[in-house]
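Report on the structure given below.
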Ligand code: CTP
């Protein structure tokens with residue numbers, strides 16, 4: 172496996188153990204770029220890690236004092252380069268301080284800046300005094316990180332360097348290495364797949380300046396596209412108008428109307444192995460689009476006609492694709508969604524109750540239930556990026572189940 176990770180070492184007695192973790196990861200074929208905080212260097216010298224990895228250890232955001240006085244551009248943007256090339260960020264040992272900084276988004280050195288800049292999965296192995304570990308502040312910070320999808324390798328209990336007994340001792344090297352390897356393997360769950368995602372609202376023109384739209388922001392769909400790409404898939408994103416920037420390498424197709432979305436989906440669906448339809452497609456459009464701007468005059472009636480149900484249509488045409496629909500409901504949430512699952516012959520439908528404030532439309536958070544013919548999985552309220560990853564993990568399991576059913 173040719174993979175690269177960054178290992179952040181922070182200041183604690185356990186810092187020396189990071190050397191053994193580095194060696195074990197390298198033995199498994201993982202390239203390790205070590206990043207040390209200032210206090211970590213009080214415990215272990217960078218030279219130890221430089222000798223082990225054969226590469227420069229990163230010790231700060233800027234060129235070291237005494238180095239040439241001209242600004243070091245290469246060094247100043249290095250955190251972005253590292254952030255983009257790594258497939259995971261491991262922090263071992265992680266102090267209460269770095270955990271708090273991660274939780275709050277403080278970026279005052281290379282490691283904390285790297286944490287903010289990377290989209291790679293993060294594994295954190297804490298080590299600290301038992302009282303610091305148990306303190307509500309630390310526990311709250313850990314909760315925030317877990318909710319964001321950070322994997323915490325729980326510390327062991329036992330004699331601590333401070334002489335106390337309790338939880339806080341850095342987990343065994345094997346546990347840390349296993350967590351990283353699982354994360355790296357999980358990180359490739361959708362390798363070889365092409366995921367077609369539809370997102371955002373559609374706009375159905377009334378006249379040259381007006382349209383019928385809806386409240387969809389596209390955030391859920393863009394989060395799915397981004398997460399699918401991170402899991403190793405090729406991604407085609409077909410989106411109605413949104414205020415969002417399409418993630419990095421996705422193949423982006425911008426559309427406006429339901430009909431344009433339908434054509435784009437029909438044109439690209441054969442390339443896809445997984446189709447996820449988060450778009451809030453208009454169900455009705457004006458029967459006639461008026462060529463000139465409609466002038467104000469007394470009462471007016473707008474005659475509407477139904478659009479095509481894209482999902483139902485492609486479900487009939489599909490070959491082997493896994494198809495996932497979304498449903499936004501305001502009442503009889505699960506019941507209505509089950510109806511759509513059957514009617515549209517989907518493998519699963521993700522349903523959210525848009526009547527609840529603070530989640531769903533235009534929010535960064537969501538709370539959804541995933542329904543299949545025989546399962547109902549409630550996902551806890553979380554940021555859309557976390558929900559996206561959980562949905563895709565579920566899709567990957569469906570895919571594996573189907574592949575093994577075909578093989579038998
Ligand atoms: N959908 C679609 N084409 C449409 C309408 C909806 O492909 N013309 C897809 C959406 O992308 C979504 C799913 O169908 O994945 C459910 O959308 P929703 O609007 O909740 O379902 P409708 O069938 O339109 O049901 P209703 O509006 O009556 O609740």
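Numbering (the numbering used here), first residue to last: 172 to 579.
No residue lacks a Cβ here, since even glycine has one placed at the ideal position from N, Cα and C.
Secondary structure at residue 252, three-state DSSP: helix, strand or coil? Translated into the one-based positions of the chain shown, residue 252 becomes position 81. When secondary structure is reduced to three states using DSSP, residue 252 falls in the helix class.
Roughly how many angstroms separate the alpha carbons of residue 355 and residue 512, rounded to a whole number? To locate residue 355, count along the chain shown from 1; it is residue 184. To locate residue 512, count along the chain shown from 1; it is residue 341. Cα to Cα, the separation comes out at about 33 Å.
Residues of its chain near residue 554, where Cβ-Cβ distance is below 7 Å and the 5 sequence neighbours each way are ignored: What you label residue 554 is simply residue 383 of the chain shown in a count that begins at 1. Apart from the 5 residues on each side of it in sequence, residue 554 sits with its Cβ closer than 7 Å to the Cβ of 319, 535, 536 in its chain, given in chain order.
Would residue 331 and residue 263 qualify as a contact pair, given that the criterion is a beta-carbon distance under 9 Å? Locating residue 331 in the chain shown gives position 160, where the first residue counts as 1. Locating residue 263 in the chain shown gives position 92, where the first residue counts as 1. Their beta carbons are not under 9 Å apart, which means residue 331 does not touch residue 263 by this criterion.
Heavy atom of the ligand CTP within 8 Å of residue 542 beta-carbon: Against the chain shown, residue 542 aligns to sequence position 371. For residue 542, the Cβ stays outside the 8 Å cut-off from all heavy atoms of the ligand CTP.
Measure the C-alpha to C-alpha separation of residue 560 and residue 284 and round it to an integer number of angstroms. Against the chain shown, residue 560 aligns to sequence position 389. Against the chain shown, residue 284 aligns to sequence position 113. If you draw a straight line from the Cα of residue 560 to the Cα of residue 284, it is about 23 Å long.
Taking the runs of the beta strand (DSSP E) that are 3 residues or longer, which of them lie wholly in the segment 516-572? Correct list: 519-524, 539-542, 547-549.
Measuring only the C-alpha atoms, how far is residue 218 from residue 230? Position 47 of the chain shown, counted from the first residue, corresponds to residue 218. Position 59 of the chain shown, counted from the first residue, corresponds to residue 230. If you take the alpha carbons of residue 218 and residue 230, they lie about 11 Å apart.
Along the chain, where does the alpha helix (DSSP H) that runs through residue 281 open and close? Reading the chain shown from its first residue, position 110 is the one you call residue 281. Run containing residue 281: 281-288, per the alpha helix (DSSP H) assignment.
Contact test: residue 507 Cβ vs the ligand CTP heavy atom, cutoff 8 Å: Residue numbering aside, residue 507 sits at position 336 when the chain shown is read from its first letter. Yes, the Cβ of residue 507 comes within 8 Å of a heavy atom of the ligand CTP.
In terms of alpha-carbon separation, which member of 252, 577, 519, 450 lies closest to residue 394? The residue you call residue 394 lines up with position 223 of the chain shown. Of the listed residues, the one whose Cα sits closest to residue 394 is 450.
Taking 8 Å as the line, does the beta carbon of residue 511 fall inside it for any heavy atom of the ligand CTP? Locating residue 511 in the chain shown gives position 340, counting from the first residue. Yes, the ligand CTP has a heavy atom inside 8 Å of this Cβ.
Please list, in chain order, all residues of the same chain as residue 206 whose beta carbon is under 6 Å from its beta carbon, the five residues on each side excluded. As a working note, residue 206 is residue 35 in the chain shown. Correct list, in chain order: 177, 179, 229, 281, 282.
Give me the Cα-Cα distance between residue 193 and residue 292, rounded to the nearest whole angstrom. Sequence index remark: in the chain shown, residue 193 carries index 22 (1-based). Sequence index remark: in the chain shown, residue 292 carries index 121 (1-based). Approximately 18 Å, taken between the alpha carbons.
From the DSSP output, read off the bridge partner residues of residue 365. On the chain shown, residue 365 is found 194 positions in, with the first residue counted as 1. Partner(s): 405.
What do you reckon, is the C-beta of residue 524 under 8 Å from a heavy atom of the ligand CTP? Counting from one through the chain shown, the residue named residue 524 turns up at place 353. No, Cβ of residue 524 sits at least 8 Å from all heavy atoms of the ligand CTP.
Under the criterion of a Cβ to heavy atom distance below 8 Å, does residue 497 qualify as lining the ligand CTP? In the chain shown, counting from the first residue as 1, residue 497 sits at position 326. Look at residue 497: its beta carbon is less than 8 Å from one of the heavy atoms in the ligand CTP.
Could you spell out where the alpha helix (DSSP H) holding residue 223 opens and where it closes? Counting from 1 along the chain shown, the entry for residue 223 is found at position 52. 217-224 is the span of the alpha helix (DSSP H), which, as asked, contains residue 223.
Compute the Euclidean distance between the alpha carbons of residue 438 and residue 253, then round it to the nearest angstrom. Your numbering for residue 438 matches position 267 in the chain shown. Your numbering for residue 253 matches position 82 in the chain shown. Those two C-alpha atoms are separated by around 37 Å.
Three or more C-beta pairs below 8 Å linking the segment 458-467 and the segment 477-491: No, they do not touch.
Reference residue 508; option with closest CA among 255, 542, 453, 441: Within the chain shown, numbered from 1, the residue matching residue 508 stands at position 337. Closest by alpha carbon: 542.
Can you find a heavy atom of the ligand CTP that lies under 8 Å from the Cβ of residue 483? Position 312 of the chain shown holds residue 483. Yes.
Near residue 315, what residues of its chain come up, given a Cβ to Cβ distance below 8 Å and the 5 sequence neighbours on each side ignored? As a working mapping, residue 315 is identified with position 144 in the chain shown. Same-chain partners within the cutoff: 274.
Just how far apart, CA to CA, sit residue 435 and residue 426? The sequence position of residue 435 within the chain shown is 264, counting from 1. The sequence position of residue 426 within the chain shown is 255, counting from 1. Looking at the two C-alpha atoms, the distance is approximately 8 Å.
When you compare the CB positions of residue 532 and residue 499, do they come within less than 9 Å of one another, or not? Counted from its first residue, the chain shown places residue 532 at position 361. Counted from its first residue, the chain shown places residue 499 at position 328. A distance below 9 Å separates the beta carbons of residue 532 and residue 499.
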